[in-house]
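For the sequence shown, the numbering used here assigns the number 18 to the initial residue and increments by one for each residue that follows. All C-beta atoms, glycine included, are put in the ideal place defined by N, C-alpha and C. Below is one structure; the comments refer to it alone.
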Amino acid sequence: GSFWVFALSYFLTSMTGIVLAYAVAAVAPTMEAANALLPTYVTTCMYFGGLFLVFDKIPSGWKWYSWTSFLRWSWGAMMLNNFKDNEMGAIQIFRDDAGTPINILQFYGLD
């Protein structure tokens with residue numbers, strides 16, 4: 018993959034995290050509340066971002082939430098940058114529900 022796509026994705030994700038921390042700190046009434054709210058929100062973003070719970074397995078009532086996760090977009094960009102049009106990305110190391118071999122991008126629903 019391209020180093021510059023990686024660097025841009027990493028930078029934008031870091032800046033989004035910083036802005037999110039400032040926003041939570043601005044609206045939280047106390048430091049303790051901010052310290053509870055921010056990790057809770059980021060953890061749910063990680064959960065619905067596609068790594069821990071693949072997009073095809075997200076319950077239908079929660080699919081909308083994955084589209085709001087900033088980590089979905091940065092993780093997806095990193096995955097596509099690393100595995101799309103790459104011989105490592107073409108290796109079929111996973112199997113779908115029917116037992117058909119699929120590659121890593123197909124497994125995570127990023128193809």
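Three or more beta-carbon pairs separated by less than 8 angstroms are not found between the segment 39-57 and the segment 95-114, which leaves the two stretches without contact. The DSSP-derived three-state label of P118 is strand.
In this structure F65 is buried. Its beta-carbon is surrounded by 16 or more other beta-carbon atoms within 10 angstroms.
Residue burial is scored here from C-beta neighbours: S31 has fewer than 16 other C-beta atoms within 10 angstroms and is therefore classed as exposed. 8 angstroms or more divides the Cβ of M105 from the Cβ of L122. Annotation for K80: the continuous alpha helix (DSSP H) segment containing it runs K80 to T85. Between the alpha carbons of T60 and S26 lies a distance of about 19 angstroms. DSSP, read as helix, strand or coil, puts F65 in coil. Note: R89 is not bridge-paired with any residue in the DSSP secondary-structure output. Using a Cβ distance threshold of 8 angstroms, N98 and S19 count as a contacting pair.
Each residue's CA atom was taken as its position, placing W92 and W81 some 17 angstroms apart.
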